[in-house]
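Report on one structure; see the data block that follows.
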Amino acid sequence: MAFLAGLNDYLLKNYRHSTFEEAAASGAPFCLHLHGHAIVQGSIAANDTYDITVTAHDGARHEVPKTRIKLLYPAEFADRVQAQIKIDADVQARQLEPIITVKQRYFVKNKTIYTLMRTQEVLLVSLLEGEVLKGVIHSFSRYEIKLALKDGTPAVILRHAILDIRNKQGRCYLKSSQQTLRDWTKSELYIDPRPRSELRPGLKKVKIKRRKKVIIR
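Number 143 in this note's numbering belongs to position 23 of the sequence shown; there are no gaps in the numbering.
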């Protein structure tokens with residue numbers, strides 16, 4: 121079976137990683153971009169299965185469903201991240217809501233993300249409310265993609281908030297496009313074990329005729 125070199129090892133090590141859990145343990149302040157174009161800043165006090173609890177600077181606690189969160193990053197990078205976010209007015213005008221049903225989301229295959237991460241291709245990632253971020257993939261997990269923006273500025277995108285992901289030439293990396301394009305198969309990481317006869321062009325199987333056994337009476 122064909123595979124991408126290093127993908128399984130990467131997933132075993134990183135697939136369960138959670139920025140919410142990491143932030144809750146550190147107590148460091150984060151900025152969270154929520155649906156409705158709201159930005160909440162504070163420390164993550166609790167990370168539950170479907171919600172997080174954010175403690176604001178004034179001490180107020182807010183319970184936020186994870187499906188409302190599109191993007192987050194350490195508060196110290198707020199000015200740098202927000203200066204790099206562009207808005208697609210056409211997407212913004214659609215007023216898209218969070219997509220709760222998993223099957224209806226704009227999915228990106230792990231093998232696609234892994235290949236893009238390893239090649240460090242510059243990407244344009246569009247979110248459901250029109251935000252567009254430009255950067256390369258630093259890392260990813262089951263629910264997150266961490267981008268390195270200009271000058272390495274970090275920004276964590278929630279995978280459920282993605283609307284589109286393309287390179288600068290406009291090539292789409294959503295599952296709906298990659299089912300046909302299969303760009304991961306063109307990567308140097310792609311390994312496709314084949315039968316020996318296929319690996320040696322021109323080698324043909326030769327049918328050997330068995331001699332009939334002659335019995336002398």
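Just so it is clear, CB atoms sit at the ideal spot from N, CA and C, and this is done for glycine as well. Predicted, not measured: the structure shown is a model, and the values here were computed from it.
Simplified DSSP state of residue i, which is helix, strand or coil
| i | result |
| --- | --- |
| T239 | helix |
| F227 | coil |
| R181 | strand |
| S296 | helix |
| T221 | coil |
| A209 | helix |
| L216 | coil |
| R316 | Residue confidence is low: R316 scores 49 on pLDDT, short of 50, so the model does not pin down where it sits. Its coordinate-derived value is still stated next. Helix, per DSSP. |
| S261 | coil |
| T169 | coil |
| Q161 | strand |
| H153 | strand |
| C269 | Checking the displayed sequence, the identity of residue 269 turns out to be Leu instead of Cys. L269: coil per DSSP, three-state reduction. |
| R279 | helix |
| Y135 | coil |
| L127 | helix |
| L192 | strand |
Residue environment, residue i, which counts as buried when at least 16 other CB atoms sit within 10 Å
| i | result |
| --- | --- |
| F123 | exposed |
| H157 | exposed |
| L132 | exposed |
| Y170 | exposed |
| R262 | exposed |
| S246 | buried |
| A144 | buried |
| Y193 | buried |
| G126 | exposed |
| L301 | exposed |
| A275 | buried |
| P313 | exposed |
| Y135 | exposed |
| G272 | exposed |
| R188 | buried |
| Q298 | buried |
Residue from the options with nearest C-alpha to residue i
| i | options | result |
| --- | --- | --- |
| H258 | K266, I189 and F140 | K266 |
| R181 | D199, A195 and G162 | G162 |
| V228 | I164, W304, R188 and Q212 | W304 |
| L243 | I220, A281 and I285 | I285 |
| F128 | K231, T187, V222 and A195 | Looking at the sequence itself, residue 128 is Asn, so the reference to Phe does not match. Minimum Cα distance to N128 is reached at K231. |
| K223 | R279, E241 and D168 | R279 |
| G147 | K190, Y135, A195 and H155 | A195 |
| E249 | I277, E241, D271 and T273 | I277 |
| A281 | A165, T139 and H155 | H155 |
| V160 | I219, L191, D312 and G255 | L191 |
| S296 | L283, Q289 and S307 | L283 |
| I219 | D168, P185, D178 and S138 | P185 |
| Y226 | I207, L294, G272 and T173 | L294 |
Sheet register partners of residue i (DSSP bridge)
| i | result |
| --- | --- |
| G255 | L243 |
| T175 | S163 and R181 |
| N287 | L243 |
| Y310 | L124 |
With a threshold of 8 Å, are at least 3 pairs of Cβ atoms found where one atom belongs to the region 186–203 and the other to the region 231–242?
no
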